[in-house]
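Each residue of the sequence shown is one higher than the last, beginning at 286 in the numbering used here.
Shown next, in structure tokens, is the structure this report addresses.
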Amino acid sequence: MKIGLVMDKEKTITPLDMGENLAVIDEEKKVVEVYENPGFGIPHGGKEMTMDAMLSLGVEAVVVKKGFLCPGSYSMSLGNVKYLPVNFNKLDDVLQNLEEVKKNAIEELEPEMYAEE
Numbered sequence: 286m287k288i289g290l291v292m293d294k295e296k297t298i299t300p301l302d303m304g305e306n307l308a309v310i311d312e313e314k315k316v317v318e319v320y321e322n323p324g325f326g327i328p329h330g331g332k333e334m335t336m337d338a339m340l341s342l343g344v345e346a347v348v349v350k351k352g353f354l355c356p357g358s359y360s361m362s363l364g365n366v367k368y369l370p371v372n373f374n375k376l377d378d379v380l381q382n383l384e385e386v387k388k389n390a391i392e393e394l395e396p397e398m399y400a401e402e
């Protein structure tokens with residue numbers, strides 16, 4: 286499975302438009318591929334740009350927390366990926382607990398997870 290998430294330079298998991306890097310955890314290859322986030326720092330449309338990049342990289346699941354997505358990025362991804370809600374803050378924590386994270390995969394999110402404030 287390919288799992289996508291967005292992180293900053295300190296490898297802290299961030300909303301789609303707030304992290305400099307896109308990380309793709311490729312379980313088959315047993316690697317974490319890191320890409321520049323095209324939506325970083327873009328206030329309008331940044332989350333959608335990031336989701337588009339994730340989908341083009343072939344991610345099958347996305348690590349999420351409340352506020353990480355917006356209605357646009359959610360609708361783009363709905364039906365194309367599974368969502369992995371986490372309480373972890375760092376990439377390393379996700380990697381260390383990957384099996385637990387994958388067990389919590391869901392097909393849809395509650396609206397409060399992607400609603401804009």
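Note that CB positions come from ideal geometry on N, CA and C, so glycine has one too.
Note that the structure is predicted; figures quoted are calculated from it, not measured.
Asked, Found
"What number of angstroms, rounded off, separates the C-alpha of D377 from the C-alpha of K296?", "8 Å"
"Look up Y368 in the DSSP assignment and give the residues it is bridged to.", "V347 and I391"
"Excluding five sequence neighbours on each side, which residues of the same chain lie with their C-beta closer than 8 Å to the C-beta of L380?", "I310 and V317"
"Straight-line CA distance for I327 to E385?", "32 Å"
"Just checking my contact of I288 with V348 at CB under 8 Å: how many whole Å lie between their CB atoms?", "6 Å"
"With a Cβ-Cβ cutoff of 7 Å, do L307 and I298 count as a contact?", "no"
"Please classify G364 as buried or exposed, where buried requires at least 16 neighbouring CB atoms within 10 angstroms.", "exposed"
"What's the C-alpha gap between F325 and M303?", "6 Å"
"Do you know offhand how far P300's Cα is from A346's?", "15 Å"
"What residue from K388, K387 and K351 has the CA that sits closest to A400's CA?", "K351"
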